[in-house]
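Numbering (mature numbering (1 follows the signal peptide of the UniProt record, and there is no 0)), first residue to last: -27 to -1, 1 to 67.
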């Protein structure tokens, strides 16, 4: 009885190890398919593995607040966030 249980334990451990290694290899192979974060200071984002221009000019202040202006045709969208976390978005068309 002990030989059967040791053999079953060894087979189970081997199958678990193979499955684990296959899962790691699969995750590494599919890592490029996810949306990836683009480092700060770059003028494009990576979406679906392709370069896409970033939305607008974002100015970040030392206190964590920021202001971003995005132009679409004759309209300008201004997005602002204060250091306290208050978000405001306005749009004007000329």
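Positions of the beta carbon are idealized from the N, C-alpha and C atoms, including for glycine.
In the DSSP assignment, find the unbroken beta strand (DSSP E) run with residue i in it and report its ends.
i          : result
residue 26 : 23 to 26
residue 63 : 60 to 66
residue 30 : 30 to 33
Give me whichever residues DSSP pairs with residue i in a beta bridge.
i          : result
residue 43 : 50
Requested in this report: Kindly confirm or deny that the segment 39 to 47 and the segment 18 to 26 touch, where touching means at least three C-beta pairs closer than 8 Å.
Outcome: no
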